[in-house]
Ligand code: TXA
Ligand code: MG
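In my numbering, the protein residues as written are 879 to 1213.
Below is the structure:
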């Protein structure tokens, strides 16, 4: 299959492909998604096949606005309305009780469905033009870093899907935050919106913040291997992480670091995420940095870890997963 490269003015072509049951890569403000008509069971099945995704891992339905919620949800709790009003369009996924109209394949067999109204103008235009909910996981092969450019998406999907819509580099660069609203309001995945921002809108603490292994029974995706580059990666936490890494570097090692410390690593394959406190830039660069080391192979990867506050907590979470939890915490070792 030849994968067409589409640009922003080809929304109608992309929409027609979706309606024919084809898979189309699309830009969002978080990461690129592998999209299909979310009401077409056959097309949804193909997403799982092409991505190599386990069947029990549900997909997010991308919708055109808050007014679409009642098409696909049985109940809309007041807190869901509050969050949607404040953060949509944007990087927030709400998990709500699904109507029967949402195919079981989309939901991975669950009674709930994940819904998100994306902010990227190309994604929104495509949803509106097709007048369909677009089911879309991140556009990477299962286990690989999520794509934040059309080129990265093509690395994984060229020849396997009908088209990729190029909408430039994703502004946010990490996936959406997932909040589940049932009897309790739970954070299932850290993402583009911080837990602090969610709590500010709720006017109270989240009932629980679950991460990865704790979230696995509720967000099945959290139990699978993620974002892993091919070379083994070690994540180093602590104020002196840069000099600690520099002392241990061997020829052939690669480094993911903050801008302030780049000169410590000259001569090594290097990816700079941004300044140490600039979590926004770190989030935006993260996945392309991880992918870089697959196209320019290294023996080992060492990475500095940001402070776990605000969007820094999301960046740290993705780095932890990419390292398969191979983490050295210098501050803990000193104690
Ligand atoms: O930013 C994003 O969310 C991107 C863009 C394309 O929108 N999408 C994305 O999808 O990251 P994916 O499939 O890579 O991750 C979706 C996560 C998985 O961990 C999945 O288990 C969880 O959302 N999820 C989806 N529906 C769910 C549901 N009904 N209940 C619990 N977790 C759900
Ligand atoms: Mg994903």
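Positions of the beta carbon are idealized from the N, C-alpha and C atoms, including for glycine.
{"Query": "Which runs of the beta strand (DSSP E) spanning at least 3 residues fall entirely within the stretch 886-922, listed in chain order?", "Result": "902-904, 911-915"}
{"Query": "Roughly how many angstroms lie between the CA atoms of residue 1041 and residue 1169, to the nearest whole one?", "Result": "21 angstroms"}
{"Query": "Nearer than 8 angstroms: is that true of the beta carbon of residue 1054 relative to any heavy atom of ligand 1?", "Result": "yes"}
{"Query": "If we ignore side chains and look at the alpha-carbon of each, how far apart do residue 998 and residue 1154 end up?", "Result": "27 angstroms"}
{"Query": "Is it a yes or a no for the stretch 940-950 touching the stretch 997-1015, going by three-plus beta-carbon pairs under 8 angstroms?", "Result": "yes"}
{"Query": "Can you tell me which residues fall inside 6 angstroms of ligand 2, judged by beta-carbon distance to its nearest heavy atom, and keep chain order?", "Result": "1015, 1016, 1024"}
{"Query": "Could you please give me the residues that DSSP links to residue 1114 through a beta bridge?", "Result": "1182, 1206"}
{"Query": "How about the stretch 1157-1177 and the stretch 1141-1149: do they share at least three Cβ pairs that are nearer than 8 angstroms?", "Result": "yes"}
{"Query": "Would DSSP call residue 956 helix, strand or coil?", "Result": "helix"}
{"Query": "Assuming the contact rule is C-beta atoms closer than 8 angstroms, residue 1048 and residue 907 should be a hit. Round their C-beta distance to whole Å, please.", "Result": "6 angstroms"}
{"Query": "Using a threshold of 9 angstroms, state whether the C-beta atoms of residue 1171 and residue 1132 are closer than that.", "Result": "yes"}
{"Query": "At which residues does the beta strand (DSSP E) containing residue 1046 begin and terminate?", "Result": "From DSSP, residue 1046 is part of no beta strand (DSSP E); its letter is neither H nor E."}
{"Query": "Between residue 909 and ligand 4, is the CB less than 8 angstroms from at least one heavy atom?", "Result": "Inclusion of ligand 4 in the displayed structure is not the case, the ligand content consisting of ligand 1 and ligand 2 alone."}
{"Query": "Whole-angstrom Cβ separation of residue 1065 and residue 1087, contact assumed at under 8 angstroms?", "Result": "5 angstroms"}
{"Query": "Tell me which same chain residues have a C-beta within less than 8 angstroms of the C-beta of residue 1000, skipping the five on either side of it?", "Result": "886, 889, 904, 905, 1043, 1045"}
{"Query": "Measuring straight from C-alpha to C-alpha, what distance separates residue 1083 and residue 1096?", "Result": "19 angstroms"}
{"Query": "Between the stretch 1009-1023 and the stretch 1096-1106, are three or more C-beta pairs nearer than 8 angstroms?", "Result": "yes"}
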